[in-house]
Amino acid sequence: MKEYPGTTGLILNEPLLWEKGKKGRTGYSLPRRDVESYPVDESFVSDGPDFPDLSEVDVIRHYIRLSQWNFSVDSGMYPLGSCTMKYNPKTNERQVSQPGFAGAHPLLPPHLSQGILRLMFELEKFLVDITGMDAASLQPAAGAHGELAGMLLFHAYHKSKGSPRSKIIVPDTAHGTNPASAALCGYQPVTIKSNDKGILAPEDVSQIMDEETAGIMVTNPNTLGLFEENIKEIAEIVHAKDGLVYCDGANMNAVMGIVHMGDIGIDVLHLNLHKTFSSPHGGGGPGSGPVCVRKHLEPFLPIPRVIEKEGQHLLSVDFPESIGKLHAFYGNVGVLIRAYSYILSMGADNLKKASQLAVLNAAYIKQKLKDTLHLAYGRPCMHECVFSDKNQQVHKVTTLDMVKRLMDYGFHPPTIYFPLVVPGAIMIEPTETESKEDIDLFIDSMKAIANEAKENTELLREAPKNSRRRRLDETAAARKPCLRG
Amino acid sequence: MKELSELNLPDDVRYAESHEWAKPEGDKVKVGITDYAQDQLGDIVFVELPEAGDSFEKGEEFGTVESVKAVSELYMPVGGEIVAANTSLEDSPERVNNRPYSDGWMIEVKLDDASEMDGLLTNDAYLEKLKG
Numbered sequence: 010m011k012e013y014p015g016t017t018g019l020i021l022n023e024p025l026l027w028e029k030g031k032k033g034r035t036g037y038s039l040p041r042r043d044v045e046s047y048p049v050d051e052s053f054v055s056d057g058p059d060f061p062d063l064s065e066v067d068v069i070r071h072y073i074r075l076s077q078w079n080f081s082v083d084s085g086m087y088p089l090g091s092c093t094m095k096y097n098p099k100t101n102e103r104q105v106s107q108p109g110f111a112g113a114h115p116l117l118p119p120h121l122s123q124g125i126l127r128l129m130f131e132l133e134k135f136l137v138d139i140t141g142m143d144a145a146s147l148q149p150a151a152g153a154h155g156e157l158a159g160m161l162l163f164h165a166y167h168k169s170k171g172s173p174r175s176k177i178i179v180p181d182t183a184h185g186t187n188p189a190s191a192a193l194c195g196y197q198p199v200t201i202k203s204n205d206k207g208i209l210a211p212e213d214v215s216q217i218m219d220e221e222t223a224g225i226m227v228t229n230p231n232t233l234g235l236f237e238e239n240i241k242e243i244a245e246i247v248h249a250k251d252g253l254v255y256c257d258g259a260n261m262n263a264v265m266g267i268v269h270m271g272d273i274g275i276d277v278l279h280l281n282l283h284k285t286f287s288s289p290h291g292g293g294g295p296g297s298g299p300v301c302v303r304k305h306l307e308p309f310l311p312i313p314r315v316i317e318k319e320g321q322h323l324l325s326v327d328f329p330e331s332i333g334k335l336h337a338f339y340g341n342v343g344v345l346i347r348a349y350s351y352i353l354s355m356g357a358d359n360l361k362k363a364s365q366l367a368v369l370n371a372a373y374i375k376q377k378l379k380d381t382l383h384l385a386y387g388r389p390c391m392h393e394c395v396f397s398d399k400n401q402q403v404h405k406v407t408t409l410d411m412v413k414r415l416m417d418y419g420f421h422p423p424t425i426y427f428p429l430v431v432p433g434a435i436m437i438e439p440t441e442t443e444s445k446e447d448i449d450l451f452i453d454s455m456k457a458i459a460n461e462a463k464e465n466t467e468l469l470r471e472a473p474k475n476s477r478r479r480r481l482d483e484t485a486a487a488r489k490p491c492l493r494g
Numbered sequence: 005m006k007e008l009s010e011l012n013l014p015d016d017v018r019y020a021e022s023h024e025w026a027k028p029e030g031d032k033v034k035v036g037i038t039d040y041a042q043d044q045l046g047d048i049v050f051v052e053l054p055e056a057g058d059s060f061e062k063g064e065e066f067g068t069v070e071s072v073k074a075v076s077e078l079y080m081p082v083g084g085e086i087v088a089a090n091t092s093l094e095d096s097p098e099r100v101n102n103r104p105y106s107d108g109w110m111i112e113v114k115l116d117d118a119s120e121m122d123g124l125l126t127n128d129a130y131l132e133k134l135k136g
């Protein structure tokens with residue numbers, strides 16, 4: 010009999026540290042005082058912060074227990090569509106912890122920061138090579154920040170030509186942050202519908218592309234996991250009216266080393282280093298969303314830029330047309346170091362192979378589950394595939410019920426109810442790092458759940474039952490949020 | 005979720021293809037979202053409505069509705085000036101789920117052009133559209 014990863018286990022309760030502390034406990038010893046004691050001016054004296062008194066073992070058990078309530082890509086498969094939850098090799102952590110990197114300080118002068126500046130300079134080159142663009146900026150802090158940078162670059166470009174524009178075309182299969190980023194930059198987003206194949210039709214773009222429109226924001230592959238096959242023609246239509254093409258590169262994991270973004274007409278592309286180039290993410294940790302551009306947009310890139318001069322790496326602000334600074338100091342450098350480590354340890358051939366395997370894994374899941382779950386678009390998918398709960402509706406079982414049950418089988422739920430163009434969407438992105446055996450277990454779990462949907466619907470509606478917390482009341486949480494402990 | 009046959013589609017309102025309903029009351033029109041729309045959205049947790057005095061054309065966005073699944077735009081089934089908005093939805097958005105055609109109404113509109121009502125669908129025609 011097959012053994013699913015999900016099981017019951019002893020999960021330990023853990024109170025808040027404030028409830029756990031006992032006056033007088035301590036987890037460290039201060040070094041012996043070697044100066045005379047001196048009275049502090051009373052105006053500086055107060056009760057101090059409300060911290061509990063804890064021993065070392067109190068603190069260690071607290072955080073270990075909390076970590077055991079969690080699910081991470083280090084504990085199991087995490088097929089969260091559009092998020093690229095690939096396994097993050099530990100060598101990246103080792104490199105970023107090296108004293109030269111860990112101790113780097115942004116206020117140190119360039120001659121004491123040559124290592125980190127060189128890394129940034131070379132990482133820009135790597136990203137430009139991988140994407141087929143001409144120049145890059147590592148400043149944006151994450152994907153949506155990269156989108157904003159892209160929109161500021163669009164604006165700077167049209168302004169430099171003396172004719173700023175007011176609108177941006179955004180397909181309904183783009184990431185949800187795209188129209189928000191355009192609006193934040195003062196553009197009016199104009200939605201365009203994907204066609205019955207789930208991609209953009211050039212004729213629909215040419216109907217709305219005009220001289221008031223700054224360009225288009227395309228996610229490619231799009232949020233249906235489909236490659237925008239007409240992208241070249243669409244880019245030509247947009248360029249003919251002197252518009253620009255932005256590509257949301259959040260789904261770059263499907264096409265590393267395969268698609269030359271410059272050749273297919275992309276003017277600006279952002280990358281999510283924390284997704285594609287492997288850095289632990291989610292849970293609010295730092296991301297990194299570099300933008301890569303073609304030559305004609307390079308003068309507008311954010312400052313400071315890392316330059317090379319007489320064998321030295323320097324930070325330069327001498328770019329008069331730049332859109333300026335986007336981030337305190339130079340970006341989320343910890344993520345940059347991990348991405349650099351990942352790229353070097355993989356090498357060009359293996360980066361390409363990673364994308365090929367990511368696509369193969371998604372295609373395998375699509376093929377194996379297409380008779381179980383309703384497939385939204387029956388076309389070759391890229392690195393993720395989108396199903397829906399249409400087949401299960403007769404049993405009054407929803408997408409939410411099925412994915413909650415998946416937790417009991419030991420898998421993180423996929424992305425659900427997104428993209429919006431597919432009602433009841435289930436968006437699965439296995440990534441390249443899952444083995445065939447684990448993917449088969451995932452497929453068998455989904456099949457078992459579809460069976461339960463027919464025979465034991467209550468089991469699904471009450472799921473998850475093995476997790477520490479059962480089904481959360483999301484409605485009450487949203488309608489009557491309790492925002493403090 | 006409801007089967008199409010289980011939907012409540014009263015015959016005293018008119019329907020827009022974007023899933024809003026409009027009901028004439030004197031010289032004004034009340035507007036909300038249909039039973040189908042609330043059922044598809046799931047539990048509604050937030051409704052954002054315009055203020056009285058604002059004017060919108062037919063098909064223009066007048067607000068948003070947020071459920072546990074998604075945020076959706078609300079579109080004017082007919083054009084006109086907002087006379088009143090159902091502010092009780094700020095604290096009780098569940099009214100849209102529970103009673104979409106009564107307590108769950110969203111806005112009251114003074115019509116610009118009474119003939120726009122004729123362009124909307126009857127309950128039978130709306131049901132046909134839903135069947136696709």
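Just so you know, the protein sequences line up as chains A and B, in that order.
Counting in our numbering, the first sequence runs from 10 upward without gaps.
Counting in our numbering, the second sequence runs from 5 upward without gaps.
Idealized CB from N, CA, C, for every residue including glycine.
Note that the coordinates shown come from a computational prediction; the quantities given were computed from them, not determined experimentally.
Delimiting residues of the beta strand (DSSP E) encompassing A:L132: Sequence index remark: in the first sequence, residue 132 of chain A carries index 123 (1-based). Run containing A:L132: none in the beta strand (DSSP E); it sits in the alpha helix (DSSP H), Q123 to T140.
At what residues does the alpha helix (DSSP H) containing A:P108 begin and finish? Within the first sequence, residue 108 of chain A is the residue found at index 99, counting from 1. Unbroken alpha helix (DSSP H) run through A:P108: P108 to A111.
Beta carbon proximity, B:D47 to chain A, threshold 7 Å: The residue labelled residue 47 of chain B in the question sits at position 43 within the second sequence. So yes, B:D47 belongs to the interface.
Can you name the start and end residues of the beta strand (DSSP E) that A:D257 belongs to? As a first step, residue 257 of chain A must be located in the first sequence, where it is residue number 248. Its beta strand (DSSP E) spans residues L253 to G258.
List the whole-angstrom C-beta distance separating A:I346 from A:Q104, where the pair is believed to meet the contact cut-off of C-beta under 8 Å. Taking the first sequence and counting its residues from 1, the one referred to as residue 346 of chain A is at position 337. Taking the first sequence and counting its residues from 1, the one referred to as residue 104 of chain A is at position 95. Rounded, the Cβ-Cβ distance is 6 Å, consistent with contact.
Here's the rule I'm using: 16 or more other beta-carbon atoms within 10 Å means buried, otherwise exposed. How should A:K403 be labelled? Within the first sequence, residue 403 of chain A is the residue found at index 394, counting from 1. Per the sequence shown, residue 403 of chain A should be read as Val rather than Lys. Of the residues assessed, A:V403 falls on the exposed side of the cut-off, its CB having fewer than 16 other CB atoms within 10 angstroms.
Give the straight-line distance between the Cα atoms of A:K463 and A:Q401, rounded to the nearest whole angstrom. The sequence position of residue 463 of chain A within the first sequence is 454, counting from 1. The sequence position of residue 401 of chain A within the first sequence is 392, counting from 1. When rounded, the distance between both Cα atoms is 8 Å.
Proximal residues, the region 442-476 of chain A versus chain B, C-beta separation under 8 Å: none
Cβ atoms of B:E77 and B:E94: under 7 Å apart, would you say? Here residue 94 of chain B refers to the residue found at position 90 when the second sequence is read from its first residue. Here residue 77 of chain B refers to the residue found at position 73 when the second sequence is read from its first residue. No, the pair does not count as a contact, with Cβ atoms beyond the cut-off.
Only counting runs of 3 or more residues, tell me where the beta strand (DSSP E) segments fall wholly within the region 219-257 of chain A, in order along the chain. 222-228
So B:V72 contacts chain A; which residues on that side make the cut at Cβ distance below 8 Å? For the purposes of this step, residue 72 of chain B is taken as residue 68 along the second sequence, with counting starting at 1. Near B:V72 (Cβ distances below 8 Å), the residues of chain A are E483, T484 and A487.
At a Cβ threshold of 7 Å, is A:Y386 touching chain B? Numbered from its first residue, the first sequence carries residue 386 of chain A at position 377. It does not: the Cβ of A:Y386 has no partner Cβ on chain B nearer than 7 Å.
Could you check where the beta strand (DSSP E) with B:T68 kicks off and where it finishes? Mapped onto the second sequence, residue 68 of chain B falls at position 64. Residues E65 to S71.
Kindly indicate which residue of A:G234, A:N97 and A:K377 has the alpha-carbon position closest to the one of A:Y386. Your numbering for residue 386 of chain A matches position 377 in the first sequence. That would be A:G234, whose Cα lies nearest to the Cα of A:Y386.
Any beta carbon of chain B sitting closer than 7 Å to that of A:Y426? As a first step, residue 426 of chain A is located in the first sequence; it is residue number 417 there, counting from the start. Against chain B, the CB of A:Y426 has a partner CB under 7 Å away; the residue lies at that interface.
Would you check if the distance between the CB atom of A:H336 and the CB atom of A:A150 is smaller than 7 Å? Position 327 of the first sequence, counted from the start, is the residue given in the question as residue 336 of chain A. Position 141 of the first sequence, counted from the start, is the residue given in the question as residue 150 of chain A. Cβ atoms of A:H336 and A:A150: closer than 7 Å.
C-alpha gap between B:S106 and B:E132, whole angstroms: Working through the second sequence from its first residue, we reach residue 106 of chain B at position 102. Working through the second sequence from its first residue, we reach residue 132 of chain B at position 128. Taking the straight line from one Cα to the other gives about 24 Å.
Measure the C-alpha to C-alpha separation of B:N90 and B:Q42 and round it to an integer number of angstroms. Here residue 90 of chain B refers to the residue found at position 86 when the second sequence is read from its first residue. Here residue 42 of chain B refers to the residue found at position 38 when the second sequence is read from its first residue. B:N90 and B:Q42: Cα-Cα distance of roughly 16 Å.
Span of the alpha helix (DSSP H), counted from its first residue to its last, around B:E98: Counted from its first residue, the second sequence places residue 98 of chain B at position 94. That run of the alpha helix (DSSP H) goes E98 to N102.
Output needed for A:Y349: all residues of its chain with C-beta closer than 6 Å, excluding positions within five of it in sequence on either side, in chain order. Here the question's residue 349 of chain A lines up with position 340 in the first sequence. The answer, listed in chain order, is L128 and L132.
State the DSSP-derived secondary structure class of A:I312, mapped to helix, strand or coil. As a working mapping, residue 312 of chain A is identified with position 303 in the first sequence. Looking at A:I312 - three-state DSSP - the assignment turns out to be coil, as it is neither helix nor strand.
Residue closest to A:I534, alpha-carbon to alpha-carbon, out of A:V412, A:T17 and A:L162: Missing from the structure shown is residue 534 of chain A; chain A here goes from 10 to 494 and no further.
Alpha-carbon to alpha-carbon, A:V227 and A:I275: Sequence index remark: in the first sequence, residue 275 of chain A carries index 266 (1-based). Sequence index remark: in the first sequence, residue 227 of chain A carries index 218 (1-based). The alpha-carbon atoms of A:I275 and A:V227 are separated by roughly 9 Å.
Between A:L429 and chain B, is the shortest Cβ-Cβ distance under 7 Å, so that the two count as touching? Within the first sequence, numbered from 1, the residue matching residue 429 of chain A stands at position 420. Taking CB atoms only, A:L429 has a neighbour in chain B less than 7 Å away.
For A:N262, which of A:T232, A:A249 and A:P119 has the nearest alpha-carbon? For the purposes of this step, residue 262 of chain A is taken as the residue at position 253 of the first sequence. Answer by Cα proximity: A:T232.
Residues of chain B with CB under 9 Å from A:Q402, in chain order? Counting from one through the first sequence, the residue named residue 402 of chain A turns up at place 393. Residues of chain B passing the Cβ test: M5 and E7.
Consult DSSP for A:E483 and reduce its assignment to one of helix, strand or coil. Translated into positions along the first sequence, residue 483 of chain A becomes position 474. Three-state DSSP puts A:E483 in a helix.
Cutoff 7 Å; reference A:C394; Cβ partners in own chain excluding five residues on either side: Taking the first sequence and counting its residues from 1, the one referred to as residue 394 of chain A is at position 385. Take A:C394, set aside five residues on each side of it, and the residues of its chain with a beta-carbon closer than 7 Å to its own are G234, A371, I374, K375 and I437, in chain order.
Could you please tell me which residues of the region 104-121 of chain B, in chain order, have their CB closer than 9 Å to any CB of chain A? Residues of the region 104-121 of chain B that bring their beta carbon within less than 9 Å of a beta carbon in chain A are absent altogether.
In the DSSP assignment, the beta strand (DSSP E) including A:V300 goes from what residue to what residue? Stepping through the first sequence from its first residue, residue 300 of chain A is reached at position 291. Run containing A:V300: V300 to V302, per the beta strand (DSSP E) assignment.
B:Q44: contacting residues in chain A (beta-carbon distance under 7 Å): Locating residue 44 of chain B in the second sequence gives position 40, counting from the first residue. Simply P432.
What residue from A:K206, A:C92 and A:G294 has the CA that sits closest to A:P439's CA? Along the first sequence, read from residue 1 onward, the residue named residue 439 of chain A stands at position 430. It is A:C92.
Residues of its chain near B:K27, where Cβ-Cβ distance is below 6 Å and the 5 sequence neighbours each way are ignored: Translated into positions along the second sequence, residue 27 of chain B becomes position 23. Around B:K27: V17 and K34.
Relative to the C-alpha of A:Y351, which residue among A:K29, A:G258, A:K95 and A:E23 is closest? Looking up residue 351 of chain A in the first sequence gives position 342. With distances taken between Cα atoms, A:Y351 lies closest to A:K95.
Mark A:L121 as exposed unless 16 or more other C-beta atoms lie within 10 angstroms of its C-beta, in which case mark it buried. For the purposes of this step, residue 121 of chain A is taken as residue 112 along the first sequence, with counting starting at 1. A:L121 should be labelled exposed.
Beta carbon of A:R174 nearer than 7 Å to that of A:H184: Looking up residue 174 of chain A in the first sequence gives position 165. Looking up residue 184 of chain A in the first sequence gives position 175. For A:R174 and A:H184, no; Cβs fall outside 7 Å.
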